[in-house]
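As you go down the protein sequences, you meet chains U and F in turn. Per the working numbering, the very first residue in the first sequence carries number 18; after that it's consecutive. Per the working numbering, the very first residue in the second sequence carries number 95; after that it's consecutive. Yeah, the Cβ is synthetic: ideal placement off N, Cα and C, and Gly gets one too. Nothing here was measured: the structure is a model prediction, and the numbers come from that model. Below is one structure; the comments refer to it alone.
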Amino acid sequence: MSDAARAFHQRIDAALADRALGDALALTTGRLAGGRAAAMAAFADAEAARDEARRIRAAAIARLDQLLERFEREATARGCRVHWAETAADATRIVTAIAQEARVTLAVKSKSMVSEEIELNAALERSGVRVVETDLGEFVVQIAGDRPSHIITPIIHRSRHDVARLFREKANAAPEDVADIPAMTAFARRTLRAEFLQAGMGISGANVAVAETGTVCLVTNEGNGRLTTTLPRVHVALVGIERIVPSAADLAAVLSLLARSATGQALSVYTSLISGPRRAGAGPGPAKGGEPDGPDDVHVVFVDNGRSRLLGGPLAEILYCIRCGACLNVCPVYQKVGGHAYGGVYPGPVGSVVMPGLLGLEAWSELAQASSLCGACREACPVRIDLPRLLLEVRRQAAAKRLAPRWLRVAMPVYAAVARRPRLYRSAVAAAGLLGRMVAKGGWIRWLPGPLGAWTASRDFPAPATRSFLQQHRLRKEAAR
Amino acid sequence: MPRPSRVQFFATCLVDVFSPSVGLAAVAVLERLGVGVDVVPDQTCCGQPAFNGGFVEEAAAMARHTIDVLSRSPDPVVVPSGSCADMIAGRYPEIFDGDAVYGPKARALAERTYEFCQFLADVLGAGLPAAASGPALAYHASCHGLRGLGLRAQPRAVLRAVAGGRCRDLPDAEVCCGFGGVFAVKMGPLSGAMLESKLDAVEASGADFVVATDLSCLMHIGGGLRRRGSRAAARHIAEVVADAFAEDRRE
């Protein structure tokens, strides 16, 4: 086992031992998954909408190059500056340069998983820019010096008592500030409002980018996204290159599923459509090209960071993902261990494909082993990504690179060789039966050596039958004759 | 399809090795329903463990063997396992997509392969005896049958016919038990944690037996119940149906 794989197994063990984590995960994943199921059941055309959204996403990924070029043309015409970052380092360099050019010392940030992926906060802090997370969950993550453990609900691993303690210890909150959830929210709002007013730069992600109008769409429930993208004089949107769709109609189709799948809402509370900075145009309004509100400068930074390598390959389907988090909430593995155990920015079934896909098999392929292939993720995915098939593909690639554990690499070819030779197979089964009779008590085995010890650590193992089914069936047929 | 007079029975390696009684029960049920059963002696394993581990070449070798063995006769194939039936009916055509020889063979085999309950409910229709008295049962929906083959109604219909009100769904019946093949060993503690939730559900149900279509899940759940010292145990759906026939004969 590689060091990365061993560390993964250790994180899983630690998560399984954490009872508070288990309780928090059970409560919130249950609520989110239940909310999703109810919202989809109440959505008259849910299945047709999923088909349509999948078609849109598949078609967009198939002509990603054209859509990105179109976006660049349209956004540039509306006064945006469009940047291209091939790697995470390129992306942080671009954003840092924008901040320096605009003499920014304080940036407010709306929730962005791409910013986590490229580790933007650390890079900005190194160049003297203070970054403040304004999504309530991310605000808590930042105060705690923690990392998000879910792509939609970043502090799913924490209880409200936990958050109250953090606010008291690390954010100078008074006892009355943490009396209940509304008080804590009000405290965060007061703290953040001052930062919004001071900040020279707002950083956001993008849930969807619309090519035909060069529009960045942002959905939030707290309104912090709107403040982030309108109040500071500079707005930087970080966009994964796969986020794009051709038209506003396509955006609507995706949005009809995004909030339902993520939180069970028909629509998130705020949906912001950003098409360029404040500008005169021929007059105000979209028809005349003017835009009376917003920042002086809008930068759109498209981040590749491994995505284009997946295009045309067997994992390309993962690029259809709209980052709703539904596959995390329904995953029986995620429900047990939470996001931190996965060790990367993107956890759960989607993360177990995205992480090895973007950052390489050597460090990340073990994530794909942490699935029973139950298919709950595929059933929940709004764009019908066949996640079990993609997890199997990661496993296939890992096995081909000899990253599977040694005992499996030895056992599987032997097992296959035996299974292709019926006589040898029957002898092996008979031998297993003999062995079973020697070690079993009452038909069960309590302890097994080697890798199979992982079975008997938590359950008894059934003894192989003294006479196999094939043997018994043959004897019966002969007796009947 | 018209009601077939003969079928081939693919026992699966787990039934062959660990629970011959499940295979014998399934064969007995099919025969009681007037269907002749052939058990090809050269059958082994469908290759699912290798396939799910990412060992595609090994899986393909086992799949070719299984396809050869089950293509000697054109009769339908009945499998007492949702996941092995899904492997044959769902994965084989994918594995041999574009293969000039095994592609068509795999598709033809997929067309006539049925999970046991699927065959009882969708092909044979009625004919199951009702056993009003007997142990309390709780149904667990094994994942691959449920989400791969879409077996939502069939196993429940079979159980309703033979056990009526004695059988209920487990709480969270459609949540994975944590078996997952090699996953149960490779990710032992995680698999064990998922199992604990399932065992809690079994005990909360008050049932005497947890029933499923797949022996794999039942070995895992049954082994967990045994380790806990629970009074509940695991039983394959074919055995439950065979029990109903035995009860029927006594009456």
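Judged by their CB atoms, Val262(U) and Val317(U) are not nearer to each other than the 8 angstroms cut-off.
Residue pairing for Cys261(F): DSSP places it in a beta bridge opposite Leu231(F). Taking a cut-off of 8 angstroms on C-beta distances, the segment 70-83 of chain U does not touch the segment 281-290 of chain U, as fewer than three cross pairs fall below it. For Phe104(F) against Gln137(F), the beta-carbon gap comes to about 6 angstroms, under 8 angstroms, which counts as contact. Cα atoms of His238(F) and Ala183(F): separation of roughly 11 angstroms, rounded to the nearest angstrom.
If you ignore the 5 residues before and after Thr237(U), its C-beta comes within less than 8 angstroms of the C-beta of Ser127, Lys128, Asp152, Arg243, Ser285, Val286, Tyr287 and Ser289, all in its own chain and listed in chain order. Val131(U) and Val320(U) have their C-alpha atoms spaced approximately 8 angstroms apart.
In the displayed model, Gln352(U) falls within a helix according to three-state DSSP.
The continuous alpha helix (DSSP H) containing Gly368(U) extends over residues Gly365 to Leu376. Taking the beta carbon of Glu152(F) as reference, the chain U residues within 8 angstroms of it are Met429, Pro430, Tyr432 and Ala433, listed in sequence order. Counting other Cβ atoms within 10 Å of its Cβ, Ile198(U) stays below 16 and is therefore classed as exposed.
Assigned with DSSP and collapsed to three states, Arg296(U) falls in strand.
The C-beta distance from Thr109(U) to Glu136(U) rounds to 7 angstroms, short enough to fall under 8 angstroms. Within the same chain, and ignoring the five residues on either side of Phe156(U) in sequence, the residues whose Cβ sits closer than 6 angstroms to its Cβ are Glu150 and Ala205. For the segment 43-128 of chain U, the continuous beta strand (DSSP E) assignments of 3+ residues that do not extend past its boundaries occur at 98-102 and 123-126, in sequence order. For chain F, the residues of the segment 440-469 of chain U that bring a beta carbon within less than 7 angstroms of one of its beta carbons are Tyr442, Val446, Ala449, Trp461, Pro468 and Leu469, in chain order. Contact between Gly365(U) and Cys344(U) is confirmed by a C-beta separation of about 6 angstroms, below the 8 angstroms threshold. The alpha-carbon of Pro249(F) is positioned some 32 angstroms away from that of Ser369(U). If you check each beta-carbon in the segment 225-252 of chain U against every beta-carbon of chain F, none falls closer than 7 angstroms. Here the alpha carbons of Glu142(U) and Leu85(U) stand approximately 30 angstroms from one another.
For Ser485(U), the closest Cβ of chain F is nearer than 8 angstroms. Any Cβ of chain U closer than 8 angstroms to the Cβ of Gly274(F) would place that residue at the interface, and such an atom is present. According to DSSP, Val227(U) shares a beta bridge with Thr232(U) and Val262(U).
For Gly392(U), the C-beta contacts it makes with chain F under 9 angstroms involve Cys237, His238, Leu240, Arg241, Gly242 and Cys270, in order along the chain.
For Met288(F), the residues of chain U that pass the 8 angstroms Cβ criterion are Pro349, Val350, Lys353 and Ser389, in the order they occur in the chain. Residue-level contact check: Trp101(U) does not touch chain F, since none of the beta carbons of chain F fall below 8 angstroms from its beta carbon.
By the beta-carbon neighbour count (other beta carbons within 10 angstroms, threshold 16), Val101(F) is buried. Pro349(U) is not a Cβ neighbour of Met281(F), given a cutoff of 8 angstroms. Proximity of chain F to Arg437(U) at the Cβ level (cut-off 9 angstroms) is accounted for by Thr138, Ala155, Met156, Arg158 and His159, in chain order.
When DSSP states are grouped into helix, strand and coil, Ala380(U) belongs to the helix group. Within the model, the alpha-carbon separation for Ala203(U) versus Asp194(U) is close to 8 angstroms. Phe273(F): not part of any beta strand (DSSP E); DSSP gives it neither H nor E. Just measuring C-alpha positions, the residue of Gly148(F), Pro174(F) and Cys107(F) sitting nearest Val123(F) is Pro174(F). Rounded to whole angstroms, the separation of the alpha carbons of Trp464(U) and Trp472(U) is 9 angstroms. When the beta-carbon positions are compared, Cys341(U) and Leu275(U) come within less than 8 angstroms of each other. At least 8 angstroms separates the beta-carbon of Val456(U) from that of Ala445(U).
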